[in-house]
Amino acid sequence: MTGSIFNIPFLAVAALIGIALYIIISQRNLIKLVMGITILESGVNLFLITLGYRAAGITPIYTHAPEGVMVLPVPQALTLTSIVIGVATTALMLSMLVLTYRHTGDIDSEKSRRMKG
Amino acid sequence: MSKIVRTISNLLILFILTFGLYVIMHGHMTPGGGFPGGAVVASGIALLIVAFGSHHVQKTLKEHHFAILKSSGLLIFIGLAFGGIGAAFFYNFLVGSPIFGHIPPYGPNPGDVWTGGSSTIMNIAVGIIVSAGLSAIVLVMALATGKER
Amino acid sequence: MRKSAAVISLSILVAFLIASALLIHPFGYPPSQMDDYIIQNAQGESGANSVVDTIVFDYRGFDTLGEATILFTAVTGVVMLFRKRKKETTN
């Protein structure tokens, strides 16, 4: 049976994703919804980095490197891409929120539901 | 903003731009590279917008300057990708040639700037794309939600 | 009715996440066959000191091309949403 009870970083990832999904389901204010999506992206980035940790490892760079084994470099490269995509998505969501407020005058998702001409 | 904030931000913008350029250019020897270096340069321009107001900054740095920089950075990136098309799509065709072509010995060593191949020039192209793009986003959103005159 | 369905599905998903976090490999000893080859040969094949930079631009350069395109498209969309319409003046 693989696995252990001391995987504390993976339990933290599960807690972050659970809290973010609860925020997305239950909140009506649109700004709080955007905050919930940002917390979900942070949880996924944390999961990618903690997949590739070796016990007592050093940075995977050869300039003035001390003695020891290196941690895995491929998950770090994938996390760089994921962070930039999260920034682009958040910028687009916030600008659409500003336009919704100008058009209907309200940022409650139940009240600004019908499309007005 | 008050006179103290404007004077200090006039002095700090030089150091921020130099540090951002250092992180971009040494991407193949130290942690960092194109993406964090571009974010540092964009945060320096955000400091200027906060200290001086967006209408004052918009008289010098217009938004179509950022569009020209963004498009030319992406064109340089795609042109370097097609450079070694004889072997593969993203082939590193500058290893061994006198431009950025030294090969370091195996194991820990003090770094050499002239190594890296075509990935060093790709770092500069991605730094231009990210800094121009994020500065354009910050400037446009600060103009649209500020005080209307 | 909708609230109870949402609570039940959320609790099933969180239970699945916690169970899989306890059954994954022990933290600190990952399986690594591809990364051993990359750490051994990245300095000789591409000539840069930093293995992460070589992976981002040389071994997995196609993902970086896709990400630059996503950033370009998102910035174009934000700038397009905030344009002012010029009022036409009729003579």
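Heads up: the sequence lines are chains A, V and Y, in that order. Each residue of the first sequence is one higher than the one before, counting from 1 in the numbering used here. Each residue of the second sequence is one higher than the one before, counting from 1001 in the numbering used here. Each residue of the third sequence is one higher than the one before, counting from 2001 in the numbering used here. Idealized CB from N, CA, C, for every residue including glycine. Bear in mind that the values here come from a model prediction, so they are computed numbers and not experimental data.
Run of the alpha helix (DSSP H) containing residue i, from where it starts to where it stops
{"i": "G1044 of chain V", "result": "1034 to 1052"}
{"i": "A2019 of chain Y", "result": "2002 to 2023"}
{"i": "G1079 of chain V", "result": "1063 to 1081"}
{"i": "T81 of chain A", "result": "74 to 104"}
{"i": "S1119 of chain V", "result": "1118 to 1144"}
{"i": "T2076 of chain Y", "result": "2061 to 2081"}
{"i": "Y2037 of chain Y", "result": "2034 to 2046"}
Inter-residue CB distance, residue i and residue j (contact presumed, cutoff 8 Å)
{"i": "I1024 of chain V", "j": "I1124 of chain V", "result": "6 Å"}
{"i": "I2055 of chain Y", "j": "P73 of chain A", "result": "6 Å"}
{"i": "G1027 of chain V", "j": "V1040 of chain V", "result": "Not quite, the Cβ-Cβ distance comes to about 13 Å (not below 8 Å), so this is no contact."}
{"i": "I1085 of chain V", "j": "V1095 of chain V", "result": "The pair is not a contact, with the Cβ atoms about 16 Å apart (cut-off 8 Å)."}
{"i": "I1049 of chain V", "j": "L1139 of chain V", "result": "7 Å"}
{"i": "A1051 of chain V", "j": "S1009 of chain V", "result": "4 Å"}
{"i": "G1127 of chain V", "j": "G1037 of chain V", "result": "5 Å"}
Chain D contact for residue i (CB, 9 Å cutoff)
{"i": "V1023 of chain V", "result": "This model lacks chain D altogether, as its protein chains are A, V and Y."}
Residue environment, residue i, which counts as buried when at least 16 other CB atoms sit within 10 Å
{"i": "A56 of chain A", "result": "exposed"}
{"i": "Q2033 of chain Y", "result": "exposed"}
{"i": "K1070 of chain V", "result": "buried"}
{"i": "F1077 of chain V", "result": "buried"}
{"i": "T1060 of chain V", "result": "exposed"}
{"i": "D106 of chain A", "result": "exposed"}
{"i": "N2041 of chain Y", "result": "exposed"}
{"i": "S1131 of chain V", "result": "buried"}
{"i": "N1958 of chain Y", "result": "Since the first and last residues shown for chain Y are 2001 and 2091, residue 1958 of chain Y lies out of range."}
{"i": "L99 of chain A", "result": "exposed"}
{"i": "V1113 of chain V", "result": "exposed"}
{"i": "D108 of chain A", "result": "exposed"}
{"i": "Y62 of chain A", "result": "buried"}
{"i": "Y2059 of chain Y", "result": "buried"}
{"i": "I1099 of chain V", "result": "exposed"}
{"i": "D2035 of chain Y", "result": "buried"}
{"i": "S1054 of chain V", "result": "buried"}
Cross-strand partners of residue i (DSSP beta bridge)
{"i": "V69 of chain A", "result": "A:G57"}
{"i": "D108 of chain A", "result": "A:N29"}
{"i": "H1055 of chain V", "result": "None, per the DSSP bridge assignment."}
{"i": "N1109 of chain V", "result": "A:T63"}
{"i": "S2050 of chain Y", "result": "A:I61"}
{"i": "T1115 of chain V", "result": "V:H1102"}
Which whole runs of the beta strand (DSSP E) in the region 1007 to 1031 of chain V are 3 residues long or more, in chain order?
Given a length threshold of 3 residues, the region 1007 to 1031 of chain V has no whole run of the beta strand (DSSP E) inside it.
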